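One structure is given here, and the rest of the page talks about it.
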Amino acid sequence: MVGSIVVLLAWLGCLSLGTVRGQRGDLDIGTELDDIRAKLQGLKDLEARLNHTEKELEGQKAKVDRLEKENKEITLRLNTTEDEVEKLRNSGTKKGPQVAFSASLSNFGEIYKGPCSDTTLVFKRVFSNIGNGYDQHTGFFKAPVEGLYYFTFSTFGYNTHLIGAVLVKGGVRVVSTYDHVSTDSSDGGSNAVVLELKADEKVSVELWQNARVFDNMNGHTTFSGFLLYPLGDRK
Ligand SMILES: *[C@@H]1O[C@H](CO)[C@@H](O)[C@H](O)[C@H]1NC(C)=O
Ligand SMILES: *[C@@H]1O[C@H](CO)[C@@H](O)[C@H](O)[C@H]1NC(C)=O
């Protein structure tokens, strides 16, 4: 740009010399000078526009740089979020041990249990036994894994005898149902408990001394339990 201007100025100088020598008419030279001044002005305008365009371009470049930086940051956050989602998805689908059982006393006709004999209630009609923790031949539930378990049981019977049983963990009584001999014809009771069990620890339902319970295919006297969650990992 500056080079062009220098050339133009040099040319202008030659023209001025020409004027001094008087080789051209004043009118001609005046017109040519005007013409050159106009061209010079045009050139200056062009430079100004070029400067303006350059400035705009710099602004645009800064904008693009900023956007690129932002884009990178957002991509990084997106990648992190995707990783987190993947981790959550995996933890959601990972299956832990599954333990659940439910049974009622009678699997055929009407039965009475007790008093005095058969104090461990053996629930014969098994509705479910995921993980095979419950043994329908002994009436004992044996924990397949260490964990926190929920148990519930219900007893039903007639008024001629005491009605009631107790949930026993490893030989220790935990929670019970109990109903005295009374004038109403029948009574039912239920209870529930959440217990920590080590692997292979046993839980059963035992009749109270002199108690008697009844059941038929309506499932009045029942025992159920399930694993809430394993505890082995927390050590
Ligand atoms: C164009 O920019 C140059 C360098 O920044 C400066 O020297 C010149 O005066 C500017 N020209 C115009 C017409 O603004
Ligand atoms: C985001 O993840 C993609 C695909 O795994 C990878 O190509 C890109 O480099 C990562 N970007 C950042 C900013 O971590």
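In my numbering, the protein residues as written are 1430 to 1664.
Just so it is clear, CB atoms sit at the ideal spot from N, CA and C, and this is done for glycine as well.
These numbers come from a predicted model, not from an experiment.
| Query | Result |
| --- | --- |
| Look at Ala1529 and Glu1575 and say whether their C-beta atoms are less than 8 Å apart. | no |
| My guess is that Val1622 and Val1595 are in contact by the Cβ rule of under 8 Å, so how many angstroms apart are they, rounded? | Going by Cβ atoms, the distance from Val1622 to Val1595 rounds to 11 Å, so no, they are not a contact pair. |
| Please state the DSSP three-state secondary structure of Ala1477. | helix |
| List the whole-angstrom C-beta distance separating Val1642 from Thr1651, where the pair is believed to meet the contact cut-off of C-beta under 8 Å. | Their Cβ separation, rounded to whole angstroms, is 11 Å, which puts Val1642 and Thr1651 out of contact at 8 Å. |
| Inspect the beta-carbon positions of Val1634 and Phe1585 and report whether they are closer than 8 Å. | no |
| Can you tell me whether Asn1480 is buried or exposed? The criterion is at least 16 other CB atoms within 10 Å of its CB, across all chains shown. | exposed |
| Note down, in chain order, each residue of its chain lying with its Cβ closer than 8 Å to the Cβ of Asn1645, except the 5 sequence neighbours on either side. | Ser1535, Gly1538, Glu1539, Ile1540 |
| With ligand 1 as the reference, list in chain order each residue whose Cβ lies under 6 Å from any of its heavy atoms. | Lys1473, Glu1476, Ala1477, Asn1480 |
| So, is the C-beta of Lys1571 closer than 8 Å to a C-beta in chain C? | Reference to chain C is not applicable here, since this structure consists of a single protein chain. |
| To the nearest angstrom, report how far apart Ser1611 and Gln1638 are at their CA atoms. | 17 Å |
| Return helix, strand or coil for Gly1568, following the three-state DSSP convention. | coil |
| For the beta strand (DSSP E) that Pro1659 lies in, which residues bound it at each end? | 1651-1659 |
| Would you say Leu1657 and Tyr1579 are within 8 Å of each other, going by their C-beta atoms? | yes |
| Looking only at its chain, what residues have a beta carbon closer than 7 Å to the beta carbon of Ser1520, apart from the 5 residues adjacent to it on each side? | none |
| Run through DSSP, which three-state label would Glu1575 get? | coil |
| Within the present structure, is the beta-carbon of Leu1496 separated from the nearest heavy atom of ligand 2 by less than 7 Å? | no |
| Are there any heavy atoms of ligand 2 lying less than 7 Å away from the beta-carbon of Thr1510, as far as the coordinates show? | no |
| What would DSSP say about Gly1471, mapped onto helix, strand or coil? | helix |
| Roughly how many whole angstroms lie between the Cα atoms of Ala1467 and Glu1483? | 24 Å |
| Here's a check: name, in chain order, each residue in its chain whose Cβ is nearer than 6 Å to the Cβ of Val1551, leaving out the five neighbours to either side. | Gly1568 |
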